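Sequential numbering of the sequence shown, starting at 1, is according to full-length UniProt numbering.
Virtual Cβ for every residue (Gly too), placed ideally from N, Cα, C.
Predicted model, so just to flag it, every value in this text is computed and none were measured.
For reference, the structure discussed in these notes is given below.
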Amino acid sequence: MFFLNEYFLTVSGIVFVLLALLSMAIKIVLEYERGVLFRLGRLVGIRGPGLVLIIPFIDRMERVSLRTIVFDVPPQEVITKDNVTCRVNAVLYYRAVSPDKVIVNVEKYHEATQQYAQTTLRSVVGQADLDELLSQREKLNKVIQQIVDEATDPWGIKVTAVEIKDVILPTEMQRAIARQAEAERNRRAVVIQAEGEAQAAVKLAEATEILMVQEGAMTLRMLRSLTEIADAKSTTILFPMPMELRSLLGSGSFLKPEGGGREKEQA
Numbered sequence: 001m002f003f004l005n006e007y008f009l010t011v012s013g014i015v016f017v018l019l020a021l022l023s024m025a026i027k028i029v030l031e032y033e034r035g036v037l038f039r040l041g042r043l044v045g046i047r048g049p050g051l052v053l054i055i056p057f058i059d060r061m062e063r064v065s066l067r068t069i070v071f072d073v074p075p076q077e078v079i080t081k082d083n084v085t086c087r088v089n090a091v092l093y094y095r096a097v098s099p100d101k102v103i104v105n106v107e108k109y110h111e112a113t114q115q116y117a118q119t120t121l122r123s124v125v126g127q128a129d130l131d132e133l134l135s136q137r138e139k140l141n142k143v144i145q146q147i148v149d150e151a152t153d154p155w156g157i158k159v160t161a162v163e164i165k166d167v168i169l170p171t172e173m174q175r176a177i178a179r180q181a182e183a184e185r186n187r188r189a190v191v192i193q194a195e196g197e198a199q200a201a202v203k204l205a206e207a208t209e210i211l212m213v214q215e216g217a218m219t220l221r222m223l224r225s226l227t228e229i230a231d232a233k234s235t236t237i238l239f240p241m242p243m244e245l246r247s248l249l250g251s252g253s254f255l256k257p258e259g260g261g262r263e264k265e266q267a
């Protein structure tokens, strides 16, 4: 009976060890992951996705996610090229494209990429004017993305995009920008008004030239003006009278009744 118990314990122990070794040898790599396999400290290759078998205590596998990582760059205190102090934050999008380089060439690749993005953001914004920072963000985004992507390429990292989110200015600077914008709007209004007056003056000069050339046109225009003034119920108005109209009024022929002449002849 003692020997049976000892045999049972031995077999149970062996089975337990085999199951433990088997569980250590079987690895499941997900679709969005890759396994970097090392054997006795040397890089063997990349495994996955799916079922991967390794040699326990001899092989070691590091998992690397291939999904795009979104990092919110915290606000950075920056002095622009024209000596304006502001706070700028951004969003960084990156992912691992070479899992072996990610494990072998850099330690803590997430932290390394994020720190490099922060320093690059400060450097690029510091070389730009405030107007450029506010109006040409797309250009600055591409510059930052290119610099960080080139620097992290040996690490097996691909930076897909960088987006500047907010530019926070001091209160005094915000007021100055508002005053500048208002002055620009006023300037545009004055320019538009001046252009309108210039066009009106050109048209008026053309109309005056036409009236001066055509005989009787000025007199007709004068009579129409008198009619408009009469309709407006105006008070006494001094109105220049052209020579043609003055001669017509002086003769008084248009005031004489048609029958008056005939009566005088009959008399």
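Annotated three-state conformation of Asn-141 is helix, per DSSP. Collapsing the DSSP output to three states places Asn-89 in a strand. By the neighbour-count criterion, in which 16 or more other beta carbons inside 10 Å mark a residue as buried, Ser-23 falls on the exposed side. Put simply, the backbone Cα of Ile-157 is about 11 Å away from that of Ile-103. DSSP links Asp-59 through a beta bridge to Arg-39. Distance from the CA atom of Ala-198 to the CA atom of Arg-185, rounded to whole angstroms, is 20 Å. Under the three-state reduction of DSSP, Lys-158 is assigned to strand. In the pairwise beta carbon analysis, the stretch 61–74 is classified as touching the stretch 32–40: at least three pairs are separated by under 8 Å. Rounded to whole angstroms, the separation of the alpha carbons of Gly-48 and Glu-138 is 38 Å. By the C-beta density criterion, Ala-117 is buried, having at least 16 other C-beta atoms within 10 angstroms. Fewer than three Cβ pairs drawn from the stretch 93–108 and the stretch 130–144 lie within less than 8 Å of each other, which leaves the two stretches out of contact. One Cα belongs to Tyr-32, the other to Leu-18, and the distance between them is close to 30 Å. For Glu-111, the enclosing alpha helix (DSSP H) stretches over residues 109–126. Val-91 is not a Cβ neighbour of Val-78, given a cutoff of 8 Å. The alpha-carbon separation between Thr-160 and Arg-42 amounts to approximately 31 Å. Under a 10 Å Cβ-count criterion, Lys-101 is classified as buried, with 16 or more other Cβ atoms of the shown protein chains found around its own Cβ. Ile-55 counts as exposed, since fewer than 16 other beta carbons sit within 10 angstroms of its beta carbon.
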